[in-house]
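Before any comments, here is the structure.
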Amino acid sequence: MRIASSDITEAFERCGVMKGSILMLHVDAIFLSQLPIMHSNDRYQILFKSIFEVLGKEGTLLIPTFSYSATNNESYNAEETPSAVGGFSEYFRQFPNVIRSKDPIFSIAAYGKNAEDFMNINFEDSFGLNSIFSKLLEHNVIISTLACSFNRVTFTHYVERVNNVDYRYDKYFRYSIIDEDKTITGKIKYFVRDLERDTRTDLSLLKSRMMSKNKFMQVPIGRFLLNKVYCKDFYEEATALLLENPNALIREQ
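With our numbering, the residue at position 123 of the sequence shown is 151, and numbering never jumps.
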């Protein structure tokens, strides 16, 4: 089954994305196999242009460009360190006028009117106050997943951190950030999972809860699904679930 750029645009519009929206997108590039045969960069360009037909000049697109550099004892350079989370992510970070945050574990790349708002962050606490994830909540960003599991939404761990779940804990990693002609070093705090338990993310309960309240949208694009939720709805419903069941967001029950 082949799709056209208009199918992508229409799906985002049906999900409630509009002119001026701020969109955080988790995407698996396998989705683009549905486009006509062409070079992968041409497919990435079609996806980018299709999304901005919806967002317009007032909109902003955020893409995870996580490198996990500090966890691997590697230096991080926002301009040069490759993304470790997929082909479109790597393409996007190199796109003209895209800017990237300095978090040496969970960096994001941003393009559009409000891109700078997501750069001034506290990168020494990946899920803490003034982290990129707290900024998502502050701006009530739209979070979408395209052709990948809803469990991939990293904002989940911010909610878990705020609610101080007992299956994750703070772990410190040394970082080295290369910023133009200087090197910045220090320690970064990462809310890691307890590997002695089955703490793999499972958002099925949260998804069902939000769908029952019309707070979760799902639209097909060819063989794959586009999911959409607002950060505040995610945060409020996930927090309520955790109060009912402290393990509501993981496989272990």
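Virtual Cβ for every residue (Gly too), placed ideally from N, Cα, C.
What you are looking at is a predicted structure, and each value in this text was computed from that prediction instead of being measured.
Three-state secondary structure (DSSP) of residue 115: Here residue 115 refers to the residue found at position 87 when the sequence shown is read from its first residue. The answer is helix: DSSP assigns residue 115 an H, G or I state.
Residue interval of the beta strand (DSSP E) (run including residue 216): As a position in the sequence shown, residue 216 is number 188, starting the count at 1. Looking at the DSSP string, the run of the beta strand (DSSP E) that includes residue 216 is 210-221.
Where residue 213 falls, given that 16 or more other Cβ within 10 Å makes a residue buried: Here residue 213 corresponds to residue number 185 of the sequence shown, with the count starting at 1. The residue in question, residue 213, is exposed, as its Cβ has fewer than 16 Cβ neighbours within 10 Å.
Cut-off 8 Å between Cβ atoms - residues of its own chain near residue 35, not counting five sequence neighbours on either side: Locating residue 35 in the sequence shown gives position 7, counting from the first residue. Around residue 35: 249 and 250.
For residue 235, the first and last residue of its enclosing alpha helix (DSSP H): Reading the sequence shown from its first residue, position 207 is the one you call residue 235. Start and end: 232-240.
For residue 206 and residue 258, the rounded distance between their alpha carbons: Stepping through the sequence shown from its first residue, residue 258 is reached at position 230. Stepping through the sequence shown from its first residue, residue 206 is reached at position 178. Rounded to the nearest angstrom, the two C-alpha atoms are 34 Å apart.
Segment limits, beta strand (DSSP E) that includes residue 73: On the sequence shown, residue 73 is found 45 positions in, with the first residue counted as 1. Element bounds for residue 73: not the beta strand (DSSP E) but the alpha helix (DSSP H), 68-83.
Closest by C-alpha distance to residue 50, when choosing among 143, 195 and 115: The count along the sequence shown starts at 1 and reaches residue 50 at position 22. Cα-wise, what sits closest to residue 50 is 143.
Pick from 172, 277 and 226 that is closest to residue 192, judged by C-alpha positions: For the purposes of this step, residue 192 is taken as the residue at position 164 of the sequence shown. Selected option, being the one with the closest Cα: 277.
Exposed unless 16 or more other CB atoms sit within 10 angstroms - verdict on residue 124: Here residue 124 corresponds to residue number 96 of the sequence shown, with the count starting at 1. Residue environment for residue 124: exposed (fewer than 16 other C-beta atoms within 10 angstroms of its C-beta).
Minimum C-alpha distance to residue 116 - residue among 127, 78 and 60: Walking along the sequence shown from the start, residue 116 turns up at place 88. Measuring from the Cα of residue 116, the nearest candidate turns out to be 60.
Exposure of residue 47, with buried meaning 16 or more beta-carbon neighbours within 10 Å: Working through the sequence shown from its first residue, we reach residue 47 at position 19. Burial call: exposed.
Rounded separation between residue 230 and residue 209 - CA only: Numbered from 1 along the sequence shown, position 202 holds the residue referred to as residue 230. Numbered from 1 along the sequence shown, position 181 holds the residue referred to as residue 209. Taking the Cα positions, residue 230 is about 43 Å away from residue 209.
Exposure label - residue 351; buried when at least 16 CB within 10 Å: Nothing in the structure corresponds to residue 351, since the chain is present only between 29 and 281.
Residue 55 (DSSP reduced to helix, strand or coil): Your numbering for residue 55 matches position 27 in the sequence shown. In the displayed model, residue 55 falls within a strand according to three-state DSSP.
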